[in-house]
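Each residue of the sequence shown is one higher than the one before, starting from 6 at the first, in the numbering used here. Every residue, glycine too, gets a C-beta built ideally from N, C-alpha and C. Read the structure below first, then the notes.
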Amino acid sequence: MLTEYVTEQHPITDTFSRPLRNLRVSVTDRCNLRCQYCMPEEEYVWLPREDLLSFEETSRLVELFTELGVDKVRLTGGEPLLRRDLPALVNMLARNPRVKDLAMTTNGVLLAEQAKPLYDAGLHRVTISLDTLRPQRFRALTRRDSLDKVLNGIKAAREAGFEGVKIDAVIMRGVNEDELIDLFEYGKRLGAEVRFIEYMDVGGATKWSMDKVVSRAEMLDLLGRQYGRIEPVTEVSSAPAERFVLPDGTVFGIIASTTAPFCSSCDRSRLTADGMWYLCLYAQEGIDLRTPLRLGASREELKSAIVSRWTTRRDRGAEERLQLGSRGVSVPIEGLKKDPHLEMHTKGG
Ligand code: SAM
Ligand code: SF4
Ligand code: SF4
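Laid out in structure tokens, this is it:
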């Protein structure tokens, strides 16, 4: 059988020789913020509750993926901390010895109360999204008044014992590009690596336009003017962030998915909270793993389905978007309403 030949050392590869290594697991499509760049609409179509995978189902699917080469798992959403009893899932995933890196991306609003239980359950790393340090701007950007909670959450993550806390900031022109230095300094004080993300035209970014994108080049220019010479950190990695170092040794990252995509080394795929598997952030169609799982498909059958899709994978969504001459939103609102899986907050950021 095909899957017997796949091992940790020899993961399956797609048509561009990219291994299946990295799985983002969305545990909910719900969110307690309404970030302009992700959920700018008033109303959303939510996944039916009965379709959500139980922790046992999620953990079983993750186990199959890890038998096929996945060794990095990132919990995401929507807002993952809205999923009740998340430490129980973390505990199940952390017991899988094939998972070498178990991380979570969160908006941090509920982190103050959950950081310790998550750490104790075996979560390795946390990335917190934080785009502004100004309360009024936070409110305008997220339509919620939660900045203090996020800042307390970040502190709590450090106190709980998490090392290598990262802070991700989406930079938008006319919104927060004047805070690059403040965010950078905040991360430095905390000992957290800051990563600046270019505004992407992903599903859900219904207000996206190219003129609102602050490019990697502009960000480097801005930081360079403040801090002097910036050097790239030389490393071999499939991680989306390119890392840079300042003269004083502080390291930061830039995720330039819009102007300099990194599809050629992309080993990521996404499992939605209802068990759809997407091979690219821009993919319009996913593979339903929940139905066969619930109908009692065997491990080998499920693994064969995964292998046959990954080995024919040709996705390079961000590069294809870059090649388009003029660019608008990637999925219009009607398309998102018809299939909410195409939303960033459902597919799992
Ligand atoms: N709710 C959690 C959070 O915000 O960290 C996890 C899910 S969120 C979809 C994951 C990441 O996607 C966040 O860091 C967010 O900033 C990023 N994101 C969402 N929409 C984006 C966009 N249009 N461009 C760039 N990054 C985006
Ligand atoms: Fe913001 Fe994350 Fe919620 Fe999207 S899912 S609205 S990025 S907090
Ligand atoms: Fe990977 Fe698709 Fe993102 Fe390219 S656009 S890096 S292929 S998820």
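Residue i beta carbon near ligand 1 (any heavy atom closer than 8 angstroms)
| i | result |
| --- | --- |
| Ile202 | yes |
| Ser134 | yes |
| Trp213 | yes |
| Ala210 | yes |
| Val207 | yes |
| His85 | One detail in the question is off: residue 85 reads as Pro in this sequence, not His. Yes, since a heavy atom of ligand 1 falls inside the 8 angstroms radius drawn around the Cβ of Pro85. |
| Asp279 | no |
| Gly74 | no |
| Gly82 | yes |
| Val336 | no |
| Val175 | yes |
| Thr110 | yes |
CB-CB length for residue i against residue j, believed under 8 angstroms
| i | j | result |
| --- | --- | --- |
| Thr81 | Ser31 | 5 angstroms |
| Met4 | Arg332 | As shown, the chain starts at 6 and ends at 354. That puts residue 4 outside it, with no answer to give. |
| Asp206 | Arg29 | Rounded, the Cβ-Cβ distance is 19 angstroms, inconsistent with contact. |
| Asp279 | Asp90 | So it is not a contact: roughly 18 angstroms between Cβ atoms. |
| Leu195 | Arg163 | 7 angstroms |
| Thr137 | Leu94 | So it is not a contact: roughly 30 angstroms between Cβ atoms. |
| Gly254 | Ala246 | Going by Cβ atoms, the distance from Gly254 to Ala246 rounds to 18 angstroms, so no, they are not a contact pair. |
| Met1 | Phe60 | Given a span of 6 to 354 for the chain in the structure shown, any question on residue 1 remains unanswerable. |
| Thr211 | Glu46 | 7 angstroms |
Near ligand 3: residue i beta-carbon under 8 angstroms from a heavy atom
| i | result |
| --- | --- |
| Asp344 | no |
| Asp150 | no |
Residues of its chain near residue i, where Cβ-Cβ distance is below 6 angstroms and the 5 sequence neighbours each way are ignored
| i | result |
| --- | --- |
| Ser134 | Asn112 and Asp173 |
| Met177 | Tyr204 and Lys217 |
| Ser220 | Thr264 |
| Tyr232 | Leu251 |
| Pro237 | Phe249 |
| Tyr283 | Arg275, Gly291 and Lys352 |
| Ala355 | Since the first and last residues shown for the chain are 6 and 354, residue 355 lies out of range. |
| Arg54 | none |
| Pro92 | Pro122, Leu123 and Ala126 |
| Lys342 | Val50 |
| Leu115 | Leu86 |
| Ile186 | Gln231 |
| Arg130 | Ala108 and Gly169 |
Residue i CB to nearest heavy atom of ligand 2 below 8 angstroms
| i | result |
| --- | --- |
| Gly354 | yes |
Cβ-based neighbour list, residue i, same chain, cut-off 8 angstroms, excluding 5 preceding and 5 following
| i | result |
| --- | --- |
| Pro24 | Pro16, Ile17, Thr18, Gly74 and Asp272 |
| Leu307 | Leu66, Leu69, Leu294, Pro297 and Leu298 |
| Met6 | Below a pLDDT of 50, predicted positions are generally treated as unreliable, and Met6, at 49, falls in that range; no measurement from the model is reported. |
| Thr376 | Outside the shown range of the chain (6 to 354) lies residue 376, about which nothing can therefore be said. |
| Met281 | Gly291, Ile292, Asp293, Leu294, Arg295 and His346 |
Cutoff 7 angstroms; reference residue i; Cβ partners in own chain excluding five residues on either side
| i | result |
| --- | --- |
| Lys171 | Thr132, Ala197, Glu198 and Arg200 |
| Arg304 | Leu69 |
| Gly209 | Cys43, Met44, Leu341, Glu348, Met349 and His350 |
| Leu152 | Pro140 and Phe143 |
| Ala165 | Ala120, Lys121 and Tyr124 |
| Glu184 | Thr137 and Leu138 |
| Tyr191 | Leu138 |
With three or more C-beta pairs closer than 8 angstroms as the rule, is the stretch 144-152 touching the stretch 117-126?
no
Residues proximal to ligand 3 by C-beta, any heavy atom closer than 7 angstroms
Pro245, Ser262, Pro266, Phe267, Cys268, Cys271, Arg273, Cys285, Leu286, Tyr287, Asp320, Arg321, Gly322, Ala323 and Glu324
Is the stretch 316-331 in contact with the stretch 73-89, if contact means three or more CB pairs nearer than 8 angstroms?
Cβ pair count under 8 angstroms is below three, so no.
Decide yes or no for the touch test of the stretch 224-242 against the stretch 152-163: beta carbon pairs closer than 8 angstroms, at least 3 of them.
no
Going along the chain, which residues put their C-beta within less than 5 angstroms of some heavy atom in ligand 2?
Going down the chain, each residue whose beta-carbon is closer than 5 angstroms to a heavy atom of ligand 2 shows up: Cys36, Leu38, Cys40, Cys43, Met44, Asn112 and His350.
Just checking, does the stretch 28-43 make contact with the stretch 336-353 on the three C-beta pairs under 8 angstroms criterion?
yes
Check whether the stretch 137-146 and the stretch 98-107 are in contact - that is, three or more C-beta pairs closer than 8 angstroms.
Inter-segment contact for the stretch 137-146 and the stretch 98-107 is absent: fewer than three beta-carbon pairs are separated by less than 8 angstroms.
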